[in-house]
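A.B. asks: One structure, as C-alpha cells, below. Some questions next.
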Amino acid sequence: VGLAGKGKKTLEDLGYIAVTTANADNYEYTGVTVKGKTTAIATFVVADIKNTYKTTTFSSTFVDKEATPDAIVILGKE
Numbered sequence: 832v833g834l835a836g837k838g839k840k841t842l843e844d845l846g847y848i849a850v851t852t853a854n855a856d857n858y859e860y861t862g863v864t865v866k867g868k869t870t871a872i873a874t875f876v877v878a879d880i881k882n883t884y885k886t887t888t889f890s891s892t893f894v895d896k897e898a899t900p901d902a903i904v905i906l907g908k909e
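First residue of the sequence shown: 832, per this note's numbering; consecutive thereafter.
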C-alpha cells in the first residue's frame, strides 16, 4: 500500500466516508495540506489527522463551495 492508500485508510479509520485518492494538481506540495470548503472544516480535518501526520497545515485556498468534497487532503513530499 502506498502513501495515498495509507492516507485513505487513516481517514476511513477516523470515520470519514467517501474517501477517494487521486494525484494532486502539482508535485510541489510538502507535508500534508488540507483544503476545506470553510476554515472550520479544514481545521476539523487537521485536528483529526495531526497525530498521524505531524506536518499538517490547512491551506488558505479553499475547495469550491459547490464542489462535491467537503475537504481535500494532499500528501506531499516529506
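Cβ coordinates follow ideal geometry from the N, Cα and C atoms, glycine included.
(1) Under the assumption that residue 863 contacts residue 887 (Cβ atoms under 8 Å), give the Cβ distance between them as a whole number of angstroms.
(2) Where does residue 903 land, buried or exposed, given buried means 16+ other C-beta within 10 angstroms?
(3) Would you kindly check if the distance between the Cβ of residue 889 and the Cβ of residue 867 is under 9 Å?
(4) Could you spell out where the alpha helix (DSSP H) holding residue 893 opens and where it closes?
(5) At the level of alpha carbons, what is the spacing between residue 860 and residue 833?
C.D. replies: Put simply:
(1) Here residue 863 corresponds to residue number 32 of the sequence shown, with the count starting at 1. Here residue 887 corresponds to residue number 56 of the sequence shown, with the count starting at 1. With 8 Å as the limit, residue 863 and residue 887 qualify as a contact, their Cβ atoms being about 4 Å apart.
(2) Taking the first residue of the sequence shown as 1, we reach residue 903 at position 72. By the 10 Å Cβ count, residue 903 comes out buried.
(3) Locating residue 867 in the sequence shown gives position 36, where the first residue counts as 1. Locating residue 889 in the sequence shown gives position 58, where the first residue counts as 1. In this structure, residue 889 lies closer than 9 Å to residue 867 by Cβ.
(4) Position 62 of the sequence shown holds residue 893. Element bounds for residue 893: n/a, residue is neither H nor E.
(5) Counting from 1 along the sequence shown, the entry for residue 860 is found at position 29. Counting from 1 along the sequence shown, the entry for residue 833 is found at position 2. Between residue 860 and residue 833, the C-alpha separation is close to 17 Å.
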